[in-house]
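What follows is a short report on a single structure.
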Amino acid sequence: MNTGKYKGIFPAFYACYDQEGKISPQRVRTFTEYLIKKGMKGVYVCGSSGECIYQSKEERKITLENVMAAAKGKMTVIAHVACNNTQDSMELAAHAESLGVDAIAAIPPIYFHLPDDAIAGYWNDISSAAPNTDFIIYNIPQLAGTALTLPLFRTMLENPNVIGVKNSSMPVQDIQMFKDLAGEGHVVFNGPDEQLVSGLAMGADGGIGGTYAVMPELFQAIYQMVKDGNLAGAKKVQYEADRIIYAMCECRGNLYAVMKEIIRMRDGIDIGGVRRPLPALVPEDMPTVQRCRLMIDDAIACLP
Numbered sequence: 003m004n005t006g007k008y009k010g011i012f013p014a015f016y017a018c019y020d021q022e023g024k025i026s027p028q029r030v031r032t033f034t035e036y037l038i039k040k041g042m043k044g045v046y047v048c049g050s051s052g053e054c055i056y057q058s059k060e061e062r063k064i065t066l067e068n069v070m071a072a073a074k075g076k077m078t079v080i081a082h083v084a085c086n087n088t089q090d091s092m093e094l095a096a097h098a099e100s101l102g103v104d105a106i107a108a109i110p111p112i113y114f115h116l117p118d119d120a121i122a123g124y125w126n127d128i129s130s131a132a133p134n135t136d137f138i139i140y141n142i143p144q145l146a147g148t149a150l151t152l153p154l155f156r157t158m159l160e161n162p163n164v165i166g167v168k169n170s171s172m173p174v175q176d177i178q179m180f181k182d183l184a185g186e187g188h189v190v191f192n193g194p195d196e197q198l199v200s201g202l203a204m205g206a207d208g209g210i211g212g213t214y215a216v217m218p219e220l221f222q223a224i225y226q227m228v229k230d231g232n233l234a235g236a237k238k239v240q241y242e243a244d245r246i247i248y249a250m251c252e253c254r255g256n257l258y259a260v261m262k263e264i265i266r267m268r269d270g271i272d273i274g275g276v277r278r279p280l281p282a283l284v285p286e287d288m289p290t291v292q293r294c295r296l297m298i299d300d301a302i303a304c305l306p
């Protein structure tokens with residue numbers, strides 16, 4: 003397996019809407035080009051940060067098609083294809099493979115608590131619809147309601163397409179356990195942005211994060227510093243990133259609405275708001291949004 007293309011910083015792609023709240027192909031391409039210019043290794047499309055659970059299959063296809071139009075050959079593209087039923091997930095998986103993505107990813111089925119064999123069957127069915135494409139398990143138990151256990155992961159490793167795990171569970175030792183079980187030739191991504199340094203120290207090959215796109219310079223610096231053995235420097239930047247994340251979460255508006263507004267302020271790129279029921283920004287949020295924008299600018303200015 004070619005794991006080198008998965009080692010680095012992967013921003014989670016934000017949903018790009020027009021003024022009417024519809025997916026905007028042009029804004030998708032513009033945002034993709036923005037991430038390419040920022041030097042990102044790859045991008046994770048149609049996941050939590052992409053508001054996938056509030057979008058139709060057709061909207062997710064439009065997003066991925068336009069990401070690929072701008073990014074193919076320039077970035078590693080991982081497409082999250084899970085829906086809350088197998089048929090739709092397989093359709094999105096086949097579509098992703100037809101576009102030439104590097105990997106597909108999927109959370110477990112949500113709402114009903116299924117046994118491990120049913121979850122494995124769901125993931126393997128999805129993988130079978132994209133037989134020539136790497137498969138990444140997305141472990142986010144705090145939202146999905148189901149955790150990736152070692153026995154379940156062991157079963158999934160029997161599928162030769164399984165390249166690894168995007169691990170968004172909070173216990174950082176999960177990264178070590180998944181790395182130990184999978185062995186060489188597989189990757190584990192750190193998920194929680196606030197503990198990227200810890201995840202990399204425990205063996206993560208890279209990170210996929212929801213706040214990376216709003217301050218890519220900081221997370222790229224963290225990754226490079228850890229890679230270079232400068233743990234003290236990486237911790238310092240991580241602390242700054244964490245302060246910014248906590249400040250952004252003080253707003254009444256959804257975090258993604260906050261970050262989209264900061265990107266508009268900093269880089270002049272308008273990718274719209276968020277889709278209901280996610281709460282939009284309110285006027286009272288704007289002083290905090292502006293403060294966070296300045297915090298990002300100051301933190302980037304202090305990078306070596």
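Numbering (this note's numbering), first residue to last: 3 to 306.
Ideal Cβ placement from N, Cα and C applies to all residues, glycine included.
If I follow the unbroken beta strand (DSSP E) through residue i, where does it start and stop?
i: residue 78; result: 78-82
i: residue 12; result: 11-13
Hey, residue i and residue j are a contact pair by Cβ (cut 8 angstroms); roughly how many whole angstroms apart?
i: residue 110; j: residue 121; result: 5 angstroms
i: residue 276; j: residue 248; result: Actually they are not in contact, since the Cβ atoms of residue 276 and residue 248 sit about 20 angstroms apart, beyond 8 angstroms.
i: residue 207; j: residue 228; result: Contact flag wrong, Cβ pair sits at about 11 angstroms.
i: residue 14; j: residue 49; result: 5 angstroms
Within the continuous alpha helix (DSSP H) that includes residue i, where are the two ends?
i: residue 44; result: Note, residue 44: premise wrong, no alpha helix (DSSP H); beta strand (DSSP E) at 44-47.
i: residue 262; result: 257-269
i: residue 157; result: 152-158
i: residue 181; result: 175-184
i: residue 199; result: 198-203
Using the three-state DSSP reduction, which class does residue i fall into: helix, strand or coil?
i: residue 209; result: strand
i: residue 224; result: helix
i: residue 166; result: strand
i: residue 239; result: helix
i: residue 291; result: helix
i: residue 254; result: coil
i: residue 306; result: coil
i: residue 218; result: helix
i: residue 286; result: helix
i: residue 149; result: coil
i: residue 50; result: helix
i: residue 231; result: coil
i: residue 6; result: helix
DSSP beta-bridge partners for residue i?
i: residue 276; result: Paired residue(s): none; residue 276 is not in a bridge.
i: residue 192; result: 169, 209
i: residue 141; result: 169
Sequence ranges, beta strand (DSSP E) only - wholly within the stretch 60-139, length at least 3: 78-82, 105-108
Whole alpha helix (DSSP H) elements within the stretch 17-42, 4-residue minimum: 27-39
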